[in-house]
Ligand code: HEM
Ligand SMILES: [Cu+2]
Ligand SMILES: [Cu+2]
């Protein structure tokens with residue numbers, strides 16, 4: 004520490020020390036959390052994919068009869084859902100525990116958000132865009148999907164059920 | 016010097032802010048009562064969301080803007096000892112702001128703008144709401160211009176002299192606010208206003224949210240700046256000491272100017288339409304903006320220690336007891352720093368790119384910003400008012416005891432209100448709800464907290480009433496205030512020579528523009544490069 008670059012702005016050594024500590028603290032916090040996120044591949048939902056929200060009923064993926072849980076060839080699941088005032092459709096879904104699940108959601112009207120208390124599942128649902136979030140439910144039981152972005156006077160009525168059940172065949 | 020009529024402008028401006036504040040605090044109590052479901056007679060989502068929208072606008076936009084502007088004019092004239100640059104223009108700006116507020120008030124109060132203070136499309140409010148909000152911002156730009164002009168004129172008249180720290184911070188805030196308020200203004204002018212008037216059919220919600228995020232983070236520093244300026248330049252003297260370091264104050268203000276705007280994506284962490292890489296970059300930037308706050312915490316606490324020791328405090332903590340806690344500025348700063356520390360820990364979670372998922376859009380967020388904003392920031396607004404009212408009116412403060420009680424009640428009320436909200440968020444409660452018609456197993460864990468928030472709300476409302484009472488009675492006080500001069504704190508080490516970069520803001524303004532283009536350029540451009548589908552308006 005022969006020449007401290009902070010000398011130019013600050014004469015007091017104690018204050019310089021504190022400034023260095025602040026800089027290091029902020030970098031370490033940012034660095035650790037950033038590294039943790041990258042290393043464990045925890046990304047917030049960030050796919051950039053557009054859709055015409057006024058024509059969901061005509062779309063390949065989000066038409067009413069296409070919604071729900073589908074099993075992919077590799078054993079993972081894809082759940083297609085529509086959020087519309089004031090509910091999530093289909094209103095009741097069931098998924099096996101400890102299985103990777105990709106939720107793909109679209110809004111038929113305004114902005115919504117969804118989270119499942121007791122899990123880390125959360126995403127915004129923005130009209131005009133498709134939200135995609137991947138998670139694994141690690142506990143069995145009854146959960147709720149709650150709308151968490153104000154979407155109109157009935158916002159607090161907007162929720163639905165999610166059951167996480169034992170894997171068929173005891174985890175094969 | 017000539018600051019009597021900046022006193023009128025400042026006083027009236029700050030009164031507008033505090034009247035808005037009182038009205039909003041009363042609405043706050045209605046809201047906590049309504050949400051609890053205890054009184055079925057007042058249950059009404061329509062009224063509730065009209066109230067929360069108005070409460071948010073009054074607290075977030077009206078109280079803050081008028082307080083920042085009023086305090087800014089007074090700081091400028093008293094620290095530079097120079098009159099307001101263009102008085103008719105300053106008043107013109109004030110009236111534009113008032114017109115905007117009145118215009119927005121009509122649809123808000125009649126339930127035609129129950130879209131909350133963030134007005135996310137495609138929920139549509141009455142056009143008068145968007146136009147009113149835009150006028151409020153436009154009026155505040157007049158103040159930005161005034162501050163920049165006043166600092167420039169002063170520097171020209173005092174070549175080589177150091178701009179007083181209070182003015183340096185005020186001008187940094189003015190520049191920051193101008194740049195950051197452009198985002199929401201663009202959204203209003205090119206999207207919301209024409210769309211709500213029916214001139215265009217659809218808006219791209221992704222673009223609208225991206226523009227709004229440009230404003231949404233740094234706006235909190237716009238609110239916070241007066242609190243920091245008071246802590247750096249008024250508090251040390253009020254505590255009986257000196258400012259530990261003038262230069263570090265400048266560094267902190269510059270960092271706030273440069274770092275706080277280009278990081279708005281932490282408000283979009285959970286949104287589709289922006290790629291993960293951009294969110295990650297903004298997260299790194301978000302942690303950098305903690306640095307000026309850490310520096311401020313250190314400098315302020317060190318200044319208080321200097322004061323405590325000068326007053327004879329001994330030992331590791333003896334200086335704390337030696338501080339003049341009967342001074343509202345000292346008490347407010349002490350309590351404010353406590354709330355800031357608590358809130359700071361919570362903020363680390365919000366800011367985290369991955370942990371944010373646990374609390375996103377839950378009641379935790381409401382708890383967090385009430386603690387820091389309604390707590391730390393607003394308690395410093397009170398302290399500023401208690402300090403300046405006697406200077407501006409020439410009368411002594413009506414009652415120091417009431418003022419101190421008011422501050423303590425605000426602190427206690429805020430903890431009682433916000434700690435349960437943090438818990439509710441962890442327990443999964445969404446924000447912005449007027450009732451809890453969910454799975455009973457889930458809801459049952461929330462009941463106790465719903466009660467606590469009523470108690471907190473009532474304490475806060477009493478405190479708000481006391482503030483307005485003390486300020487109003489000060490005008491009629493027969494005792495004259497002895498000293499009308501604002502006493503700015505002197506630095507511990509006199510400022511001998513200051514690097515030009517710490518005495519001007521032009522370089523930093525250019526830097527923030529470059530940084531903005533780098534962090535928002537492509538994310539905004541992408542909406543014009545890909546095929547997007549706009550959304551029609553929806554009524555609430
Ligand atoms: C009497 C004291 C107060 C009470 C009881 C209170 C209560 C509330 C409640 C219940 C909400 C709705 C929260 C939600 O469900 O999301 C709210 C929202 C809000 N409050 Fe307060 N509040 C008080 C003081 C303040 C102060 C002093 C400020 C800032 C200066 C403030 C700023 C806000 C803002 C900006 C919102 C809008 C949040 C949104 O739209 O999501 N509040 N407040
Ligand atoms: Cu919803
Ligand atoms: Cu922010």
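Residue numbers (my numbering), protein chains in the order written: chain A, 4 to 175; chain B, 16 to 555.
Where a beta carbon is used, it is the ideal one built from N, C-alpha and C, also for glycine.
Inspect the beta-carbon positions of residue 323 of chain B and residue 334 of chain B and report whether they are closer than 8 Å.
-> Here residue 323 of chain B is taken as the residue at index 308 of the second chain, counted from 1. Here residue 334 of chain B is taken as the residue at index 319 of the second chain, counted from 1. Yes.
Hey, is residue 108 of chain A close to ligand 2, as in C-beta under 7 Å from one of its heavy atoms?
-> Within the first chain, residue 108 of chain A is the residue found at index 105, counting from 1. Checking every heavy atom of ligand 2 against the Cβ of residue 108 of chain A, none is found closer than 7 Å.
Count the CB pairs spanning the segment 181-188 of chain B and the segment 255-268 of chain B that are closer than 8 Å, and state whether there are at least three.
-> yes
For residue 150 of chain A, which beta-bridge partners are listed by DSSP?
-> For the purposes of this step, residue 150 of chain A is taken as residue 147 along the first chain, with counting starting at 1. BP columns for residue 150 of chain A point to A/117.
When a residue counts only if its C-beta is closer than 7 Å to some heavy atom of ligand 3, which residues count, in chain order?
-> B/231, B/232, B/235, B/279, B/281, B/282
Can you grab the Cα-Cα spacing for the pair residue 238 of chain B / residue 305 of chain B, in whole Å?
-> Residue mapping note: residue 238 of chain B aligns to position 223 of the second chain, counting from 1. Residue mapping note: residue 305 of chain B aligns to position 290 of the second chain, counting from 1. The straight-line gap from Cα to Cα measures roughly 16 Å.
From the DSSP output, which residues share a beta bridge with residue 218 of chain B?
-> Working through the second chain from its first residue, we reach residue 218 of chain B at position 203. BP columns for residue 218 of chain B point to B/550.
What beta strand (DSSP E) runs, 3 residues minimum, are completely inside the segment 35-110 of chain A?
-> 71-74, 80-87, 90-92, 95-99, 103-110
Please name the residue, chosen from A/160, A/169, A/155, A/70, that lies closest to residue 140 of chain A on a Cα-to-Cα basis.
-> The residue given as residue 140 of chain A occupies position 137 in the first chain. Of the candidates A/160, A/169, A/155, A/70, the one whose C-alpha sits nearest the C-alpha of residue 140 of chain A is A/169.
Determine the contact status of residue 506 of chain B and residue 257 of chain B, defining contact as a CB-CB distance below 8 Å.
-> Residue mapping note: residue 506 of chain B aligns to position 491 of the second chain, counting from 1. Residue mapping note: residue 257 of chain B aligns to position 242 of the second chain, counting from 1. Yes, they are a contact pair.
Run through the segment 228-314 of chain B for me and flag every whole alpha helix (DSSP H) of 4 or more residues, listed as ranges in chain order.
-> 233-248, 250-253, 261-274, 291-303
When B/488, B/283, B/510, B/374 are compared against residue 414 of chain B, the one with the closest alpha-carbon = Here residue 414 of chain B is taken as the residue at index 399 of the second chain, counted from 1. When each option's Cα is compared against that of residue 414 of chain B, the closest is B/488.
Quick one: Cα of residue 67 of chain A to Cα of residue 95 of chain A, how far?
-> Here residue 67 of chain A is taken as the residue at index 64 of the first chain, counted from 1. Here residue 95 of chain A is taken as the residue at index 92 of the first chain, counted from 1. Near 14 Å, if we compare the C-alpha coordinates of residue 95 of chain A and residue 67 of chain A.
Does the segment 495-505 of chain B touch the segment 401-411 of chain B, meaning 3 or more C-beta pairs lie closer than 8 Å?
-> yes
Proximal residues, the segment 218-229 of chain B versus chain A, C-beta separation under 8 Å = 219, 220, 221, 224
Verify the contact flag: residue 150 of chain A, CB atom, against every heavy atom of ligand 2, threshold strictly below 7 Å.
-> Counting from 1 along the first chain, the entry for residue 150 of chain A is found at position 147. Yes, since a heavy atom of ligand 2 falls inside the 7 Å radius drawn around the Cβ of residue 150 of chain A.
Listed from N- to C-terminal order along the chain, which residues in the segment 447-470 of chain B have their beta-carbon within a distance smaller than 8 Å of any beta-carbon of chain A?
-> 447, 448, 449, 450, 451, 452, 453, 454, 456, 457
Should residue 16 of chain B be labelled buried (16 or more other beta-carbon atoms within 10 Å of its own) or exposed?
-> Start at 1 with the first residue of the second chain, and residue 16 of chain B comes out as number 1. Residue placement at residue 16 of chain B is flagged as unreliable, the pLDDT there being 41, under the threshold of 50; the coordinate-derived value follows with that caveat. By the 10 Å Cβ count, residue 16 of chain B comes out exposed.
Within 10 angstroms of its Cβ, does residue 75 of chain A collect 16 or more other Cβ (buried), or is it exposed?
-> Residue numbering aside, residue 75 of chain A sits at position 72 when the first chain is read from its first letter. Exposed: under 16 other Cβ atoms inside 10 Å.
Outcome for residue 78 of chain A when other beta-carbon atoms lying within 10 angstroms are tallied against a minimum of 16 = The residue given as residue 78 of chain A occupies position 75 in the first chain. Looking at its Cβ environment, which holds fewer than 16 other Cβ atoms inside 10 Å, residue 78 of chain A is exposed.
Going along chain A, which residues have a C-beta under 8 Å from residue 238 of chain B?
-> Here the question's residue 238 of chain B lines up with position 223 in the second chain. Ordered by position in chain A, no residue passes the 8 Å Cβ test against residue 238 of chain B, which lies about 22 Å from the chain.
Using a threshold of 7 Å, is the CB atom of residue 375 of chain B nearer than that to any non-hydrogen atom of ligand 2?
-> The residue given as residue 375 of chain B occupies position 360 in the second chain. Residue 375 of chain B Cβ: outside cutoff for every heavy atom of ligand 2.
How would you list, in chain order, the residues of chain A whose beta-carbon sits under 7 Å from the beta-carbon of residue 277 of chain B?
-> As a working mapping, residue 277 of chain B is identified with position 262 in the second chain. What residue 277 of chain B touches in chain A: nothing, since even the nearest Cβ is about 15 Å away.
Considering residue 164 of chain A, what are the terminal residues of the beta strand (DSSP E) in which it resides?
-> In the first chain, counting from the first residue as 1, residue 164 of chain A sits at position 161. Note, residue 164 of chain A: beta strand (DSSP E), 162-168.
Simplified DSSP assignment, three categories, for residue 178 of chain B = The residue you call residue 178 of chain B lines up with position 163 of the second chain. Reduced to three states, the DSSP call for residue 178 of chain B is coil.
Could you check if residue 4 of chain A is buried or exposed, using at least 16 other CB atoms within 10 Å of its CB as the buried criterion?
-> Stepping through the first chain from its first residue, residue 4 of chain A is reached at position 1. In this predicted model, residue 4 of chain A has a pLDDT of only 43, less than 50, meaning its place in the structure is not dependable; the value taken from the coordinates is given anyway. Residue 4 of chain A is exposed by the Cβ-count criterion.
Compute the Euclidean distance between the alpha carbons of residue 51 of chain A and residue 548 of chain B, then round it to the nearest angstrom.
-> Your numbering for residue 51 of chain A matches position 48 in the first chain. Your numbering for residue 548 of chain B matches position 533 in the second chain. So the alpha carbons of these two residues sit roughly 13 Å apart.
Measure from the C-beta of residue 175 of chain A to each C-beta in chain B and report whether the shortest distance is under 8 Å.
-> To locate residue 175 of chain A, count along the first chain from 1; it is residue 172. Any reading at residue 175 of chain A needs caution, since the residue's pLDDT is 43, under 50, leaving its predicted position unreliable; the model's value is listed next. Judged by the 8 Å Cβ criterion, residue 175 of chain A is not in contact with chain B.
Might you give, ordered along the chain, the residues of its own chain that have their beta carbon closer than 6 Å to the beta carbon of residue 58 of chain A, omitting 5 neighbours on each side?
-> Numbered from its first residue, the first chain carries residue 58 of chain A at position 55. Excluding positions up to five away in sequence, the list is empty.
How close, in whole Å, do the beta carbons of residue 117 of chain B and residue 71 of chain B come, if the pair is a contact with beta carbons under 8 Å?
-> Here residue 117 of chain B corresponds to residue number 102 of the second chain, with the count starting at 1. Here residue 71 of chain B corresponds to residue number 56 of the second chain, with the count starting at 1. With 8 Å as the limit, residue 117 of chain B and residue 71 of chain B do not qualify as a contact, their Cβ atoms being about 18 Å apart.
Hey, quick one: how far does the alpha helix (DSSP H) through residue 143 of chain A stretch, first residue to last?
-> For the purposes of this step, residue 143 of chain A is taken as residue 140 along the first chain, with counting starting at 1. From DSSP, residue 143 of chain A is part of no alpha helix (DSSP H); its letter is neither H nor E.
Is the CB of residue 17 of chain B under 8 Å away from at least one CB in chain A?
-> For this step, residue 17 of chain B is matched to residue 2 along the second chain. Reliability of the predicted coordinates at residue 17 of chain B is poor, the pLDDT of 44 falling under 50, and no value is obtained from them.
Verify the CB distance criterion: does residue 90 of chain A have a CB-CB separation below 8 Å to chain B?
-> Working through the first chain from its first residue, we reach residue 90 of chain A at position 87. Cβ-Cβ to chain B under 8 Å: no for residue 90 of chain A.
What's the gap between the Cα of residue 36 of chain B and the Cα of residue 479 of chain B?
-> Working through the second chain from its first residue, we reach residue 36 of chain B at position 21. Working through the second chain from its first residue, we reach residue 479 of chain B at position 464. If I take the Cα positions, the gap works out to 8 Å.
Would you list the residues sitting across from residue 125 of chain A in a DSSP beta bridge?
-> Taking the first chain and counting its residues from 1, one reaches residue 125 of chain A at position 122. Answer is A/118.
Any chain B beta carbon closer than 8 Å to residue 4 of chain A = Translated into positions along the first chain, residue 4 of chain A becomes position 1. Bear in mind that the predicted position of residue 4 of chain A carries a pLDDT of just 43, short of 50, making it too unreliable to give a figure here.
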